[in-house]
Structures are given as C-alpha cells and as structure tokens.
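Under my numbering, the first residue of the sequence shown is numbered 3, with each subsequent residue one higher. Okay, so here's the structure we're looking at.
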Amino acid sequence: MDEFMTTCNYNTSVHTYEVEHGNFVSFSNGNNISIDDDIYNDGNGTTKTITNVIYYALLFKVVSVLVSSIIFIVGLIGNILVVIVVCRTKNMHTPTNCYLISLAVADSIVLISATLPSVPEPFFEVNEWPWGRPLCSILIFLQYLGVDASSLSITAFTVERYIAICHPMKAQKMCTVNRAKRIIVGIWVFTIIYCAPWLGLTVIRPRDNFSKVVKCTFRLQREAYLAYYLTDLVVFYVIPLLIAGILYALIARILFSSRITKAHGKPTQIAAKHKQTTTSRKQVVRMLIVIVGVFAIMWLPYRFMVVYNSLNKSKYLDLWFLLLCRVMVYINSAINPILYNAMSVKFRRAFRKLLCCGKYHINLLNNI
Numbered sequence: 003m004d005e006f007m008t009t010c011n012y013n014t015s016v017h018t019y020e021v022e023h024g025n026f027v028s029f030s031n032g033n034n035i036s037i038d039d040d041i042y043n044d045g046n047g048t049t050k051t052i053t054n055v056i057y058y059a060l061l062f063k064v065v066s067v068l069v070s071s072i073i074f075i076v077g078l079i080g081n082i083l084v085v086i087v088v089c090r091t092k093n094m095h096t097p098t099n100c101y102l103i104s105l106a107v108a109d110s111i112v113l114i115s116a117t118l119p120s121v122p123e124p125f126f127e128v129n130e131w132p133w134g135r136p137l138c139s140i141l142i143f144l145q146y147l148g149v150d151a152s153s154l155s156i157t158a159f160t161v162e163r164y165i166a167i168c169h170p171m172k173a174q175k176m177c178t179v180n181r182a183k184r185i186i187v188g189i190w191v192f193t194i195i196y197c198a199p200w201l202g203l204t205v206i207r208p209r210d211n212f213s214k215v216v217k218c219t220f221r222l223q224r225e226a227y228l229a230y231y232l233t234d235l236v237v238f239y240v241i242p243l244l245i246a247g248i249l250y251a252l253i254a255r256i257l258f259s260s261r262i263t264k265a266h267g268k269p270t271q272i273a274a275k276h277k278q279t280t281t282s283r284k285q286v287v288r289m290l291i292v293i294v295g296v297f298a299i300m301w302l303p304y305r306f307m308v309v310y311n312s313l314n315k316s317k318y319l320d321l322w323f324l325l326l327c328r329v330m331v332y333i334n335s336a337i338n339p340i341l342y343n344a345m346s347v348k349f350r351r352a353f354r355k356l357l358c359c360g361k362y363h364i365n366l367l368n369n370i
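Here's what the structure looks like:
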C-alpha cells in the first residue's frame, strides 16, 4: 500500500480498481489484469456478479519480475562491493566515502524491503498481501527508512564537498572522518525516529466482503496521511535538491574559475601538484553531481504522481506508469556503484583489485 507495493481496491459492479501507491491511483480493467467472475445471491432473490480472483496479465508479470530481479541482483551486489571496497582500502577512508557507505547501506535496505518483495508479487492475486501482519509494517518502515536516509546522505556529502573546496581552512577541522561518522549516526537516528510511526500506521484487512485474501493498507483514512507525504516530499526531495543545486554551483565557480586553474608565478612542481589536486576534485564533484542528478530524475515520476493524486479527486489511471515509477526508484538504489566505477579512477581500481584478487594471488604464486 505504500510507495513501492501495489495493492488494489475494486468496485465489483464496474470492474474499476484503485491502486494504493503512496496515494491512491485508479485504473480500469484492460490488458493489465485478468478477472474471474462468480455469481452471488444476496439472499433476497437478487443475483450479482462479483469478482473473487484478480491476477496480473502475463506480459505484466514477465516485465515486472524480470526487471525487478535484475535490478535487485545487480544493485545489492554493487552496494555490498562499495562498502567492502571502502572499508578495505585505507586511502579511501575519506569523509565523502563515509557518506557513500551510508548511501550504499540505505540503497541496500530499499532493494531488500521493496525490490525483493516485488519479484513474486505478480504471481499473487492483485491486492493480495501474503507476508503477514508484522512484515506489512516492517517492510514499509524499512522502505521509508532507506529512502530518507539515502536523501540525507546525499545532502551530507554535498555539504562536505562544499566546505572542503570552498572553505579549505574550515575543512581541516570540520571535514574529518570521525566527524563524518558522527553525522552519519545522527542521520540514521533521526531517520529511524521520523519513520517509526509507519510501524503503527499500517494494518492488514480483508480485501473485500467476498474474499479471504488480505491486503496491507492504511490504518487511518488516506486523507490523514497527506501531511506526512507532503513533508516527505519537501524534506527529503525538494530541500536536498535545492541545497545541492546552490552548493554545486558555488563549487563549480571555484573549481572552474581562472583563479584556481591558473598557477601563474608558481614553481613547476607546485603548479603540477596544484593542477593534479584540482583535477582530482573536479572528478569527484562531477561524480557527485551525477549522483544527485540521477536521484532527482529517478524520483521525479513518483513524486509527481504523489502530488497529483494528493491534490486531485480524479486519480491517475495507468498501471504501467505505476510500474515505471517503481522501477525508476529501484534503479536509483542500484545504479550508484555503476556510476562510481564509470566516473572514479580510485573506485574503478579498487573494484578491480577486489574482484580480481584471486587472479592476482595465483599469478603471484606462479612467479615464485
């Protein structure tokens, strides 16, 4: 019933379905689901047609399962490798990489709590929740925890890079590994407290009066959650993007201005070292800007859908768009390790060393 898990309430008379996805989204029965009807007598001589079994269509099943499985496997392995690489490589023990570890852990939580359950979901009935009452609350809590912690981690490394580059004197005291670790602890404590209400805001109920199938849904009326969703939108999407946009503009002005790229009157060795430091910083900043850009783009469809469906009585209708929103969120949690490998020489070398250590060890033994 949350932003990642699709569940539906249906009106049996017209076969119209409401999909809960953070907010409610309606869609009409078409090629996306298959429906089996039964005849029901209400005891007063009136015969009604009811729907008791609703399944996703074959094409939807194949696409959903295949895409979610690939994203989960690639993303989880990649994020685990990021944590291992940074922890095992001493010269990568930097404040920025500490925040990247926090981001990798948060993304892994999203993949485990949202992407993994979505793999078998199409094989159940639409709106069926087979995992029991505890997981209804726990998985939704973990989903929000991972999403919000990743957003704050992105904001934290953005601020850290700004201080390190634009205020180098302050950075000597403020941008340290120990300080980064304390900030990360604060991020996770705050996020756990903020997301804790979700442990009590969800419940499982019968899908309808004619079925034994249960759904994971809101404990209260959906209108009561509007403030929560809008707070999420502002605090964990709009504000982080505004901060990133402003700070990276200031960083770019420093890094790419003539004052820092030119080394007039400096000895050759100092100028060369200065140029190398600037080049390295530019590489890191480019990578971080891409991470923020991917975050903004991948979350945009879902955020748009939440705002639209929160403010309009007529909900957006397309089930495939709902799937697209979910897939883009999953990709956001899986793509960062690929970006590190593509844009960072240090990460690329560290990944290669970790993955090929067995090969290097064999070659070393052969040379003895």
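Note that beta-carbon positions come from the ideal geometry of N, C-alpha and C, so glycine has one too.
With DSSP collapsed to three states, give me the class of residue i.
i, result
"T219", "strand"
"E130", "coil"
"F258", "coil"
"Y342", "helix"
"P122", "coil"
"I337", "coil"
"K284", "helix"
"R411", "There is simply no residue 411 to check, as the chain begins at 3 and stops at 370 in what is shown."
"Y239", "helix"
"K317", "coil"
"D234", "helix"
"C96", "Contrary to the premise, residue 96 reads as Thr rather than Cys in this sequence. Of the three classes helix, strand and coil, the one that applies to T96 here is coil, per DSSP."
"S213", "coil"
"T91", "coil"
"C168", "helix"
"C177", "coil"
"C358", "coil"
Thinking just about the alpha-carbon of each residue, which of the options is nearest to the one in residue i?
i, options, result
"Y196", "G134, V149 and S115", "V149"
"A166", "M300, A254 and L61", "A254"
"C100", "V67, V76, Y146 and K183", "K183"
"V294", "V191, T157, I82 and I79", "T157"
"K355", "L78, L102, L83 and I73", "L83"
"Y58", "R350, S71 and P122", "P122"
"W200", "L137, T160, L357 and I189", "L137"
"L102", "N81, Y146 and I111", "N81"
"A251", "P208, P170, K214 and T160", "T160"
"V237", "L325, S66, R305 and A108", "R305"
"C333", "C358, M307, N314 and V296", "Looking at the sequence shown, residue 333 is not Cys but Ile. Comparing Cα positions, the closest option is V296."
"Y231", "S104, Y146, M330 and I73", "Y146"
"L302", "Y239, K348 and T281", "Y239"
"S153", "A106, A173 and R288", "A106"
"N338", "I79, V69 and S70", "I79"
"Q223", "L61, S213 and T204", "T204"
"F284", "L325, K317, C168 and I299", "A quick correction: the sequence has Lys, not Phe, at residue 284. K284 has its Cα closest to that of C168, out of L325, K317, C168 and I299."
"N314", "G188, V331, E225 and A198", "E225"
"N311", "I256, A298 and Y227", "Y227"
"V85", "S104, S71, I194 and I75", "S104"
"V308", "D234, K172 and K63", "D234"
"I299", "T281, R288, S282 and V329", "V329"
"F62", "V331, C358, L325 and L357", "L325"
"L192", "V64, S155 and C89", "Sequence inspection shows Phe at residue 192; the Leu mentioned does not correspond to that position. When only C-alpha atoms are compared, the closest one is S155."
"A108", "I194, K172 and K175", "I194"
Going by beta carbon distance, what residues of the same chain come within less than 7 Å of residue i, once the five residues before and after it are set aside?
i, result
"A352", "V87, T91 and M94"
"F126", "P132"
"I206", "W131, R135, C138, V216, K217 and C218"
"V67", "V121 and P124"
"K348", "M94"
"R350", "N343"
"L144", "I111 and S115"
Determine which residues share a DSSP beta bridge with residue i and list them.
i, result
"T204", "F220"
"E225", "Paired residues: none, contrary to the question."
Using a Cβ-Cβ cut-off of 6 Å (strictly less than) and excluding sequence neighbours within five positions of residue i, which residues of its own chain qualify?
i, result
"A229", "none"
"L141", "S115"
"G77", "L113, S335 and A336"
"R209", "N129, V215 and K217"
Using a Cβ-Cβ cutoff of less than 8 Å, which residues in the same chain neighbour residue i once the five nearest sequence positions on both sides are dropped?
i, result
"G202", "S139 and R221"
"K286", "According to the sequence shown, residue 286 is Val rather than Lys. Correct list, in chain order: T98, R163 and S346."
"C177", "P97, E162, I165 and A166"
Does the CB of residue i have a neighbour CB from chain D at under 8 Å?
i, result
"I167", "As a matter of chain content, chain D is missing from the structure shown, which is built from one protein chain."
Three or more C-beta pairs below 8 Å linking the region 215-222 and the region 124-134 = yes
Are the region 341-350 and the region 113-128 touching by the rule of at least three beta carbon pairs closer than 8 Å?
-> no
Taking three-plus beta-carbon pairs below 8 Å as touching, is the region 235-253 in contact with the region 319-336?
-> no
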